[in-house]
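For reference, the structure is listed below as structure tokens.
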Amino acid sequence: MSAEERVRSRLASPPWRRVLAAAWWDARTMAGNPEQLLVTLIIPVVLLVAVVRSGLPDLSPLPQAEGGLAAALSVAVVSSAFTGQSIALAFDRRAGLLRVLVASPLGRGGIVMGRLVAVLGLIVVQVGLIVAVAVGLGIEVGPSQVASMGIVGATGGLTFAAFGLWLGGTLRAEAVLAVANLVWLAMITVGGLVLPPDRLPGGAVVAVLPPSLLGEAMRQATVNGVVEVTSIAGLAAWAVAAGVCAARWLRWD
Amino acid sequence: MRLRGVSLAYSGRTDNHRQALAEVELSVGAGQIVAVCGRNGAGKTTLLDVLTGFRSPDSGTVRVLGVDPWRSSPDHRARVGVGFADTGLPPAASVRRLMTHLAAMHRAPERVDDLVDALNLGGLLRRRIRRLSTGERQRVTVACALIGRPDVLVLDEPTSALDTAGRRSVLDLLADARSRGAAVVWTSHTLTDVARASDRVVVLEAGRVLADETPGDLAGAADVVRFDAAPARDMAGLSAALPSRLAIREAAPGRYEVVGERVDASVLATVSTWQAANAGSGRLSVGPRDLEDVLVGLVADHASGGVAASAAPLSATSGT
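Chains as they are written, first to last, in the numbering used here: chain Z, 9 to 261; chain F, 73 to 392.
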């Protein structure tokens with residue numbers, strides 16, 4: 009080995025390459041898991057088709073089609089950012105992969121960044137596919153709506169990814185699997201992700217919780233093509249809180 | 073690598089306060105291989121965790137390549153190869169995918185195919201890790217640790233679960249790393265490998281360094297007399313009859329050892345007489361002391377505050 013090669017061999021690859029490699033790894037791991045594909049893509053698409061075609065649940069006074077699209081997108085975001093992320097992290101912890109990656113040039117910061125980038129990448133794919141299905145169902149989706157959906161999806165993705173890191177980095181893998189799926193179900197049924205909070209029991213409380221904030225912001229994005237600042241600010245506040253908790257309690261082994 | 077006065081304790085609801093490392097001093101230079109040995113729970117893996125920046129000590133200083141590994145940069149970590157026994161391997165990934173992923177963290181990594189050849193992993197590249205045998209996973213772990221051409225190599229039990237050929241290939245890789253100037257710290261319960269591959273042996277017990285010597289110095293010039301007798305016999309009479317330079321212990325139920333220098337005919341006669349009086353078979357053997365004898369003796373000495381009387385044998389499973 010030449011002296012120049014020797015020096016180069018001592019260095020880590022550039023940060024962007026490390027993070028992209030980690031993100032690609034995480035995205036492939038999540039996408040390659042059949043259960044995760046079910047919750048991140050198949051269920052949201054089925055939900056969209058069911059809501060639009062059957063008219064159930066009744067989302068009035070929202071337009072049924074746009075309300076269904078918002079529900080499908082919100083469920084998709086939560087599935088990849090929270091459920092998928094927490095479960096993948098927990099099982100990587102159990103396998104000892106994080107222990108190795110912490111000691112590698114990727115490090116703790118790179119692991120977190122890679123996972124966030126993976127979540128955002130998956131959300132882009134999800135939004136693209138679900139919007140394509142929506143267009144196929146005859147729903148009109150304009151550029152302002154797509155842009156708003158992207159902003160809301162990214163904000164919601166980061167927020168729920170922070171919760172996913174907190175959950176996945178704290179409990180045992182089997183417990184994470186159970187808790188993440190239960191919470192996912194609760195968010196869909198009574199959390200305001202699909203139905204507006206004023207139609208749910210305890211609506212005043214539900215309205216300030218992250219699933220409801222995401223659902224409301226997504227409904228505004230699909231129906232009116234706007235980014236609702238109040239909900240986005242609420243999501244951002246929850247993201248900070250969850251991020252602080254994750255930083256405090258996340259265990260790498 | 074240099075550790076000065078490093079202490080670390082675990083505490084928690086399920087794991088009561090336990091001193092994993094206590095005032096540990098360790099220095100490993102370039103081109104040296106140092107083995108860390110001791111019983112399960114002695115603190116070996118915690119020591120490696122501290123060296124790799126996975127844990128921060130409660131007190132003391134740690135320097136690896138001149139840097140505190142807890143606050144290390146990516147370029148620093150690129151110079152440190154890490155492998156933990158049978159961990160760090162995601163079961164659903166293929167061997168090639170994992171190695172390529174780890175290689176992407178380095179600017180000029182080792183070629184995956186070269187490592188694969190060196191560790192005889194060629195036929196396994198496409199196989200998912202969950203389909204590998206324990207020994208095959210072990211070799212993959214070592215390959216992953218070497219992928220960045222490290223200047224410092226930290227390996228936790230890299231030869232456990234390997235057959236003879238696999239152990240030799242790993243020991244050859246350690247020797248290769250040493251020959252190109254890498255500092256290597258590794259743990260093992262296979263003391264013949266430790267004696268063969270290491271420049272120094274550090275013996276840990278309850279987080280404390282009991283010894284830090286070359287394998288030859290550690291083994292010393294002592295001999296061991298091994299003999300059988302009924303289990304759990306009072307050894308006070310035998311101890312009184314033997315010269316004080318000799319230590320006696322029941323290594324396992326019914327299996328006794330007398331360890332020390334200048335084992336002569338009178339010693340053997342005394343042992344034989346005691347054996348006959350304590351339901352022994354009459355068979356005894358004399359041989360040079362090996363590292364296992366030394367480690368067991370050191371641990372027993374530590375446990376009994378300096379008097380070797382009995383000790384559990386070293387086991388061969390994963391550490392702290």
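Note that beta-carbon positions come from the ideal geometry of N, C-alpha and C, so glycine has one too.
- Taken atom to atom, the span from the alpha-carbon of residue 116/Z to that of residue 92/Z is near 19 Å.
- Relative to residue 334/F, the option among 218/F, 368/F, 316/F whose CA is nearest is 316/F.
- For residue 173/F, the residues of chain Z that pass the 7 Å Cβ criterion are 29, 33, in the order they occur in the chain.
- The DSSP-derived three-state label of residue 91/F is strand.
- Nearest CB-CB separation between residue 113/Z and chain F: below the 8 Å threshold.
- In the three-state reduction of the DSSP assignment, residue 146/F falls in the helix class.
- Proximity to residue 224/F across 372/F, 105/F, 129/F peaks at 105/F, based on C-alpha coordinates.
- DSSP, read as helix, strand or coil, puts residue 314/F in coil.
- Listed along chain Z, no residue sits closer than 9 Å to residue 130/F by beta-carbon distance, the nearest being about 18 Å off.
- Spanning the alpha carbons of residue 233/F and residue 65/Z requires a straight line of approximately 57 Å.
- In the DSSP assignment, residue 80/F falls within the unbroken beta strand (DSSP E) covering 74-82.
- Residue-level contact by beta carbon fails for residue 47/Z and chain F, as no gap is shorter than 8 Å.
- Taking 8 Å as the cut-off, the beta carbon of residue 160/F is found closer than this to the beta carbon of residue 104/Z.
- When the alpha-carbon of residue 80/F is set against those of 74/F, 73/F, 90/F, the nearest one is in 90/F.
- Within the model, the alpha-carbon separation for residue 112/F versus residue 268/F is close to 22 Å.
- Ranked by Cα distance from residue 83/F, the options 93/F, 74/F, 75/F, 77/F are led by 93/F.
- Beyond the five residues adjoining it in sequence on each side, residue 121/Z comes within less than 6 Å, by CB distance, of 27 in the same chain, given in chain order.
- Going by DSSP, residue 168/Z is part of the alpha helix (DSSP H) stretching over 151-176.
- At least one CB atom of chain Z sits nearer than 8 Å to the CB of residue 150/F.
- The C-beta of residue 205/F has fewer than 16 other C-beta atoms within 10 Å across all chains shown, which makes the residue exposed.
- According to the DSSP assignment, residue 76/Z belongs to the alpha helix (DSSP H) that extends over 72-86.
- Secondary structure of residue 62/Z (DSSP, three-state): helix.
- For residue 180/Z, the closest of 38/Z, 95/Z, 56/Z by C-alpha to C-alpha distance is 95/Z.
- Boundaries of the beta strand (DSSP E) around residue 153/F: 152-155.
- In this structure, DSSP gives residue 109/Z a helical state, which the three-state scheme calls helix.
- Interface criterion met: the Cβ of residue 21/Z is under 8 Å from a Cβ in chain F.
- Boundaries of the alpha helix (DSSP H) around residue 138/Z: 115-144.
- Close to chain F, meaning a Cβ-Cβ distance shorter than 7 Å, are the following residues of the stretch 95-124 of chain Z: 100, 103, 104, 105, 107, 108, 110, 111, 112, 113, 114, 115.
- The beta carbon of residue 239/F sits closer than 8 Å to those of 231, 262, 265, all from its chain and outside the five residues before and after it, given in chain order.
- Chain F places a beta carbon closer than 8 Å to that of residue 25/Z, counting this residue as a contact.
- With the criterion set as a beta carbon lying under 8 Å from some beta carbon of chain Z, the members of the stretch 178-202 of chain F are 178, 179, 180, 181, in sequence order.
- Three or more pairs of CB atoms, one per stretch, sit closer than 8 Å, so the stretch 76-84 of chain Z contacts the stretch 136-147 of chain Z.
- For residue 180/Z, there are no C-beta contacts with chain F under 8 Å, since the nearest C-beta of that chain is about 12 Å from it.
- Using a CB distance cut-off of 8 Å, residue 115/F does not count as an interface residue toward chain Z.
- Looking at 118/Z, 123/Z, 249/Z, 52/Z, the one whose alpha-carbon comes closest to that of residue 218/Z is 249/Z.
- In the same chain as residue 214/F, and ignoring 5 residues on each side of it, the C-beta atoms closer than 8 Å to its own belong to 155, 191, 227, 230, 242, 245, in chain order.
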